[in-house]
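**Q**
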Amino acid sequence: MSQPVSQARKSLWRAILIGGAGGLVLGAIVGVLMALILGPVSLTGAMGSRAILFLAFEAGFAGAIVGSLVAAMFELRSRSQKRPPAGS
1 MSQPVSQARK SLWRAILIGG AGGLVLGAIV GVLMALILGP VSLTGAMGSR AILFLAFEAG
61 FAGAIVGSLV AAMFELRSRS QKRPPAGS
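If you count the sequence shown from 1, position 78 lands on 78 in full-length UniProt numbering, and the numbers rise without skipping.
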């Protein structure tokens, strides 16, 4: 391997955290947009603000999970392509 194991773990964790943060933000934005566009939610009512917060939280949580998994898969795939063949 070209990098020590600790450096490889750091880069994998960095990719997971960046993917999770990006997925969280994107999911929260999509959740708010879904609440405003698809549902009859009024921003002034107590239920409207709670519905928007709930959808933003749920979509952000799901986005963080998916973003972390996708980022980890891409990082592992790029590391496996950098690794020399087994026979050499």
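We treat Cβ as the ideally placed atom computed from N, Cα and C, and that holds for glycine.
Starting from G48 and walking both ways along the alpha helix (DSSP H), at which residues does that stretch end?
**A** Note, G48: alpha helix (DSSP H), A46 to K82.
**Q** Measure the beta-carbon distance from residue 91 to A28 and round it to whole angstroms, keeping in mind my assumption that it falls under 8 Å.
**A** Coverage of the chain is limited to positions 1 through 88, which leaves residue 91 absent and any answer about it impossible.
**Q** By the 10 Å Cβ neighbour count, where 16 or more other Cβ atoms means buried, how is L24 classified, buried or exposed?
**A** The residue is buried, with at least 16 neighbouring Cβ atoms inside 10 Å.
**Q** Apart from the five residues on each side of it in sequence, which residues of its chain come closer than 6 Å, Cβ to Cβ, to G67?
**A** Result list for G67: G19, G20, G22 and G23, in chain order.
**Q** Taking its Cβ as the centre, do 16 or more other Cβ atoms sit within 10 Å of L55, making it buried, or is it exposed?
**A** The residue in question, L55, is buried, as its Cβ has 16 or more Cβ neighbours within 10 Å.
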